[in-house]
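Be aware that the sequence shown starts at 1, since it is given in the UniProt record's numbering, and climbs by one per residue. Okay, so here's the structure we're looking at.
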Amino acid sequence: MAGTPIGEIYTLAGEGFDVQVHWDQGEPADVPLALCTVTGVDESAKPTATISVSCPAEGS
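Next up, the structure:
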């Protein structure tokens, strides 16, 4: 994994995947993606890859 959601999205897209994001606790309204972490990657449904992302609680 590239470590950050943004890095992982670019890496997978560069490998030809269509990337979807799964938010572990629901999509945050006020947390920058740069503060979130990748918790998993699923490349089993080519050409789509799904990354699981966890973000800190809003306001933390």
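Every residue, glycine too, gets a C-beta built ideally from N, C-alpha and C. Everything numeric in this text was worked out from a predicted model, so none of it was measured.
Exercise. Is it a yes or a no for the stretch 28 to 40 touching the stretch 10 to 18, going by three-plus beta-carbon pairs under 8 angstroms?
Worked result: no
Exercise. Per DSSP, which one or two residues make a beta bridge with A13?
Worked result: In the DSSP assignment, A13 is bridged to no other residue.
Exercise. What's the C-alpha gap between K46 and C55?
Worked result: 26 angstroms
Exercise. In its own chain, which residues sit with a C-beta less than 7 angstroms from the C-beta of I6, not counting the 5 before and 5 after it?
Worked result: L33, A34
For this session: Would you identify the three-state DSSP class for A49, choosing helix, strand or coil?
Result: strand
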